[in-house]
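Written below as structure tokens is the structure these notes are about.
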Amino acid sequence: DRLAERRIGTLGASREAEMILLEQYIFLLSLAGR
Numbered sequence: 037d038r039l040a041e042r043r044i045g046t047l048g049a050s051r052e053a054e055m056i057l058l059e060q061y062i063f064l065l066s067l068a069g070r
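So the sequence shown is numbered by my numbering: it starts at 37 and just counts up by one.
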């Protein structure tokens, strides 16, 4: 159970990081598009 919780926790953290990076990437693209 603890291993599963850890996996879910790390997966959630990595997904959050991916979303943040994706938002930054889109932001930079929008700036470059101007």
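Each residue gets a CB set at the ideal place from its N, CA and C atoms; glycine is no exception.
Hey, how far is the Cα of residue i from the Cα of residue j?
{"i": "Leu47", "j": "Leu58", "result": "16 Å"}
{"i": "Gln60", "j": "Arg38", "result": "33 Å"}
{"i": "Glu52", "j": "Arg70", "result": "28 Å"}
{"i": "Leu64", "j": "Ile56", "result": "12 Å"}
{"i": "Ala68", "j": "Glu54", "result": "21 Å"}
{"i": "Ile62", "j": "Arg42", "result": "30 Å"}
{"i": "Glu50", "j": "Ser66", "result": "Contrary to the premise, residue 50 reads as Ser rather than Glu in this sequence. Those two C-alpha atoms are separated by around 24 Å."}
State the DSSP-derived secondary structure class of residue i, mapped to helix, strand or coil.
{"i": "Arg38", "result": "helix"}
{"i": "Arg33", "result": "What the structure shows of the chain is the stretch from 37 to 70, and residue 33 is not part of that stretch, so it cannot be assessed."}
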